[in-house]
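Step one of this worksheet: look at the structure below.
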Amino acid sequence: MKILVTVKEVAAVDDEFEIDGLEIDDRYVTADLNEWDEYAVEEAVQIKEAGDDVEVVTVTIGPSETDETIRQALAKGADRAVRVWDEALEAAGLLDPETKAEVLAAVAAEEDPDLVLTGVQSADDGFGATGVTLADKLGMEWGAVVNDLDLEAGVASVHRELEGGVEELTDIELPAVLTIQTGINDPRYASLRGIRQAQSKELAEYDLADLGLDAAGIASPLEQTSLYEPETEGEATVFEGSPEETAAELAALLEEKGVTN
Amino acid sequence: MSVLAIAEHRRGELRLVSLEQLAAGRDLVDDLGGELHTAVIGGDVETFGAKLNREGVDTVHTVDVGEEFNHDVYTQVVTQLAEEVEPTVLLMPNSVNGLDYAPAVANRLDRPLVTDVVGVDAEDGLTATRELYGSKVETTIDVHAEQAAVTVRPAEWPTIETDGDAAIEAFDATVDESAVRSTVKGFEEVGGGDVDITDADVLVSVGRGIEEEENLDIIYDLAAALDATVAGSRPLIDNGWLEKDRQVGQSGKVVTPDVYIAIGISGAVQHVAGMKGSETIVAINTDPNAPIFDIADYGIQDDLFEVVPALTERFR
Ligand SMILES: Cc1cc2nc3c(=O)[nH]c(=O)nc-3n(C[C@H](O)[C@H](O)[C@H](O)COP(=O)(O)OP(=O)(O)OC[C@H]3O[C@@H](n4cnc5c(N)ncnc54)[C@H](O)[C@@H]3O)c2cc1C
Numbered sequence: 035m036k037i038l039v040t041v042k043e044v045a046a047v048d049d050e051f052e053i054d055g056l057e058i059d060d061r062y063v064t065a066d067l068n069e070w071d072e073y074a075v076e077e078a079v080q081i082k083e084a085g086d087d088v089e090v091v092t093v094t095i096g097p098s099e100t101d102e103t104i105r106q107a108l109a110k111g112a113d114r115a116v117r118v119w120d121e122a123l124e125a126a127g128l129l130d131p132e133t134k135a136e137v138l139a140a141v142a143a144e145e146d147p148d149l150v151l152t153g154v155q156s157a158d159d160g161f162g163a164t165g166v167t168l169a170d171k172l173g174m175e176w177g178a179v180v181n182d183l184d185l186e187a188g189v190a191s192v193h194r195e196l197e198g199g200v201e202e203l204t205d206i207e208l209p210a211v212l213t214i215q216t217g218i219n220d221p222r223y224a225s226l227r228g229i230r231q232a233q234s235k236e237l238a239e240y241d242l243a244d245l246g247l248d249a250a251g252i253a254s255p256l257e258q259t260s261l262y263e264p265e266t267e268g269e270a271t272v273f274e275g276s277p278e279e280t281a282a283e284l285a286a287l288l289e290e291k292g293v294t295n
Numbered sequence: 040m041s042v043l044a045i046a047e048h049r050r051g052e053l054r055l056v057s058l059e060q061l062a063a064g065r066d067l068v069d070d071l072g073g074e075l076h077t078a079v080i081g082g083d084v085e086t087f088g089a090k091l092n093r094e095g096v097d098t099v100h101t102v103d104v105g106e107e108f109n110h111d112v113y114t115q116v117v118t119q120l121a122e123e124v125e126p127t128v129l130l131m132p133n134s135v136n137g138l139d140y141a142p143a144v145a146n147r148l149d150r151p152l153v154t155d156v157v158g159v160d161a162e163d164g165l166t167a168t169r170e171l172y173g174s175k176v177e178t179t180i181d182v183h184a185e186q187a188a189v190t191v192r193p194a195e196w197p198t199i200e201t202d203g204d205a206a207i208e209a210f211d212a213t214v215d216e217s218a219v220r221s222t223v224k225g226f227e228e229v230g231g232g233d234v235d236i237t238d239a240d241v242l243v244s245v246g247r248g249i250e251e252e253e254n255l256d257i258i259y260d261l262a263a264a265l266d267a268t269v270a271g272s273r274p275l276i277d278n279g280w281l282e283k284d285r286q287v288g289q290s291g292k293v294v295t296p297d298v299y300i301a302i303g304i305s306g307a308v309q310h311v312a313g314m315k316g317s318e319t320i321v322a323i324n325t326d327p328n329a330p331i332f333d334i335a336d337y338g339i340q341d342d343l344f345e346v347v348p349a350l351t352e353r354f355r
């Protein structure tokens with residue numbers, strides 16, 4: 035069995051930051067493996083550890099600077115990694131879910147996986163749509179927001195986490211794409227041995243032509259035209275001063291609101 | 040030119056976002072001209088259809104297929120309906136189920152998809168407003184296409200309460216059963232713990248800012264001093280540091296205490312969905328840009344490890 039896991043490097047923004055045109059100035063940005071993808075990788079590695087002959091391959095769309103992040107997934111037990119990037123992708127600007135799915139589908143066509151796991155969403159742009167778009171492009175079945183997974187005889191029995199503490203129990207025919215929700219498992223830390231081994235695992239680089247994709251077809255229909263800090267709608271009274279002072283003000287407020295012990 | 044909004048229901052209830060979308064749809068139709076259509080698929084379509092007949096809606100399509108949501112059925116039906124109505128903008132909810140079929144529909148119709156929008160405008164081509172980096176910044180996006188698909192963030196638009204005079208039309212969809220490769224077996228309620236956070240007057244709610252499980256002691260001390268109940272954001276529940284039924288938010292509980300103290304919680308939309316109805320909201324967070332301050336009534340922009348013990352001390 036082969037499991038393909040999509041992983042992405044996401045940007046986290048510092049508490050204080052400056053906007054530079056349509057981006058946040060690099061100085062205020064830290065790169066990390068997308069939180070939801072961490073759970074997807076862990077789920078795949080656990081399936082591998084539970085069964086015979088399971089290969090876990092990760093796929094990423096991103097420049098070479100993301101290699102270090104991708105190696106985190108290898109250090110946690112993925113067998114090898116594929117990364118796709120080229121000038122056309124770089125020039126496309128905001129990659130919409132369809133464009134990303136198109137690229138990922140070309141990799142999936144090469145790899146021919148039985149199961150594809152993605153994160154529910156990425157922490158930076160948060161489209162939450164790439165996994166299901168990918169499934170439909172591949173003609174695979176799918177399930178979005180999966181927080182429990184049981185594989186048996188060509189069927190994935192999943193729980194989909196709905197709103198308000200309700201889960202939907204669904205049987206999904208394989209091959210399928212599942213978008214994985216946090217909490218489905220307990221992602222491991224990479225061991226020192228894992229980190230060492232990750233260095234020698236294969237990380238293949240492709241451009242669009244390698245995948246038989248036409249760079250001219252890569253234009254994203256979405257164009258980001260502004261980036262700004264939203265005006266705060268709220269009118270919070272912010273207590274100022276040392277922690278003792280602000281705590282005293284808050285304590286007085288709470289007492290006024292009738293909160294006492 | 041027209042807009043088509045697809046309603047959502049679960050276990051016999053029309054979900055609120057179905058009506059909120061109509062307001063977003065109305066905004067678009069005001070810009071675009073043309074008609075506002077809405078549709079309900081499955082369940083008690085007659086009752087739902089009547090509820091969707093709100094002011095400004097031109098046509099309600101009812102599609103009588105099955106009881107509950109199934110994404111294979113929805114994908115087929117919405118695709119057929121959109122081919123029939125040919126809306127300039129196809130609206131769907133940015134709910135868990137919306138995200139389980141909207142991308143497939145957009146793909147089949149070959150329309151760009153913009154998800155989780157908090158604003159739309161069609162005066163000069165379609166423009167959508169979205170949030171990035173956990174709501175720290177907002178962005179506007181121009182959609183370069185004649186026709187698009189959009190998912191609408193719940194609780195961003197008001198519901199239209201006035202009844203309308205829409206035409207209610209049954210739509211005859213053809214469902215290819217061989218393409219239905221998923222089966223919904225049922226539902227399960229999460230929970231089973233012994234606290235009811237929805238019942239508490241005062242909630243001390245803790246987020247990822249607490250860093251380590253051991254650090255929770257300062258939160259328990261505060262809760263004890265205030266005679267309050269401890270709740271939390273999702274990462275603490277995912278880590279197993281708090282029981283599942285203490286989770287506040289979209290997938291957790293909706294709470295409305297007199298006082299909600301959010302400690303080290305950024306205020307992600309899915310968290311806010313569960314606590315914005317609290318009477319008084321207090322936020323303690325080092326990040327002055329944290330979105331929690333947008334909905335807080337009172338805030339302290341400082342380190343919780345200093346503020347929380349000092350606050351506890353005041354009640355000893
Ligand atoms: C489908 C779906 C459903 C979801 N459902 C829920 C849900 O029901 N409930 C929920 O909560 N989330 C839910 N989430 C997750 C949600 O998107 C966020 O990831 C989560 O709410 C973040 O939790 P947090 O605010 O505790 O953590 P973070 O976003 O990491 O925020 C931590 C905050 O702590 C602050 N901080 C750090 N150190 C300190 C310090 N020393 N002193 C003071 N402040 C500090 C930081 O500035 C930051 O603002 C859901 C997500 C999805 C995709």
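One line per chain: the protein sequences are A and B, in this order.
Per the numbering used here, the first sequence starts with residue 35, numbered consecutively.
Per the numbering used here, the second sequence starts with residue 40, numbered consecutively.
C-beta atoms are modelled at their ideal positions from N, C-alpha and C, and glycine is treated no differently.
For residue i and residue j, what's the separation of their Cα atoms in angstroms?
i: residue 165 of chain B; j: residue 99 of chain B; result: 24 Å
i: residue 149 of chain A; j: residue 187 of chain A; result: 13 Å
i: residue 305 of chain B; j: residue 212 of chain B; result: 44 Å
i: residue 292 of chain A; j: residue 245 of chain B; result: 21 Å
i: residue 210 of chain B; j: residue 181 of chain A; result: 34 Å
i: residue 270 of chain B; j: residue 286 of chain B; result: 6 Å
i: residue 314 of chain B; j: residue 145 of chain A; result: 44 Å
i: residue 239 of chain A; j: residue 330 of chain B; result: 38 Å
i: residue 107 of chain A; j: residue 114 of chain A; result: 9 Å
i: residue 118 of chain B; j: residue 162 of chain A; result: 20 Å
i: residue 184 of chain A; j: residue 144 of chain B; result: 27 Å
i: residue 201 of chain A; j: residue 351 of chain B; result: 37 Å
i: residue 114 of chain B; j: residue 199 of chain A; result: 25 Å
i: residue 299 of chain B; j: residue 288 of chain A; result: 11 Å
i: residue 46 of chain B; j: residue 154 of chain B; result: 16 Å
i: residue 205 of chain A; j: residue 195 of chain B; result: 33 Å
i: residue 258 of chain A; j: residue 169 of chain B; result: 10 Å
i: residue 347 of chain B; j: residue 354 of chain B; result: 11 Å
i: residue 235 of chain B; j: residue 135 of chain B; result: 24 Å
i: residue 129 of chain B; j: residue 345 of chain B; result: 50 Å
i: residue 52 of chain B; j: residue 286 of chain A; result: 43 Å
i: residue 204 of chain B; j: residue 290 of chain A; result: 50 Å
Who are residue i's beta bridge partners in DSSP?
i: residue 115 of chain A; result: A:92, A:237
i: residue 225 of chain B; result: A:203
i: residue 100 of chain B; result: B:78, B:208
i: residue 247 of chain B; result: Its beta-bridge partners do not exist; DSSP assigns none.
i: residue 45 of chain B; result: B:78
i: residue 164 of chain B; result: B:162
i: residue 184 of chain A; result: A:191
i: residue 140 of chain A; result: Looking at the DSSP assignment, residue 140 of chain A forms no beta bridge with any residue, so it has no partner.
i: residue 258 of chain A; result: B:180
i: residue 171 of chain A; result: Its beta-bridge partners do not exist; DSSP assigns none.
i: residue 337 of chain B; result: A:271, B:321
i: residue 170 of chain B; result: B:177
For my contact list, residue i and residue j are in at a C-beta cut-off of 8 Å; report their separation, rounded to the angstrom.
i: residue 242 of chain B; j: residue 161 of chain B; result: Going by Cβ atoms, the distance from residue 242 of chain B to residue 161 of chain B rounds to 41 Å, so no, they are not a contact pair.
i: residue 163 of chain B; j: residue 230 of chain B; result: Not really, about 48 Å apart at Cβ, beyond 8 Å.
i: residue 112 of chain A; j: residue 90 of chain A; result: 5 Å
i: residue 121 of chain B; j: residue 43 of chain B; result: 6 Å
i: residue 214 of chain A; j: residue 154 of chain A; result: 6 Å
i: residue 124 of chain B; j: residue 41 of chain B; result: 6 Å
i: residue 93 of chain A; j: residue 40 of chain A; result: 5 Å
For the region 170-197 of chain B, which residues have a beta carbon sitting closer than 9 Å to at least one beta carbon of chain A?
170, 171, 172, 173, 174, 175, 176, 177, 178, 179, 180, 181, 182, 183, 184, 187, 190, 193
Contact residues within the region 269-282 of chain B, judged by C-beta distance below 9 Å to chain A
273, 274, 276, 277, 278, 279
Is the region 264-275 of chain A touching the region 126-142 of chain A in the sense that three or more CB pairs, one from each, lie closer than 8 Å?
no
Validate contact between the region 46-66 of chain B and the region 196-212 of chain B using beta carbons, cut 8 Å, 3 pairs
yes
Near-chain B residues of the region 89-115 of chain A - C-beta to any C-beta below 9 Å:
none
Members of the region 247-278 of chain A that neighbour chain D once the beta carbon cut-off is set at 7 Å:
No chain D is present in this structure, whose protein chains are A and B.
Three or more C-beta pairs closer than 8 Å, one from the region 251-259 of chain A and one from the region 124-133 of chain A: is that the case here?
yes
Three or more C-beta pairs below 8 Å linking the region 220-238 of chain B and the region 315-335 of chain B:
no
Touching by the beta-carbon criterion (3+ pairs, under 8 Å), the region 99-111 of chain B and the region 75-87 of chain B
yes
Given a limit of 7 Å on CB to CB distance, which residues of the region 202-216 of chain A reach chain B?
202, 203, 204, 205, 206, 207, 216
Please list the residues of the region 142-163 of chain A that have a C-beta atom closer than 9 Å to any C-beta atom in chain B, keeping them in chain order.
154, 155, 157, 158, 159, 160, 161, 162, 163
Taking only beta carbons into account, state which residues of the region 112-134 of chain B come closer than 7 Å to chain A, listed in chain order.
134
For the structure I just gave you, are there three or more beta carbon pairs, one from the region 168-186 of chain B and one from the region 167-178 of chain A, closer than 8 Å?
no
Closer than 8 Å, Cβ to any Cβ of chain B: which residues of the region 119-132 of chain A, in chain order?
128, 130, 131, 132
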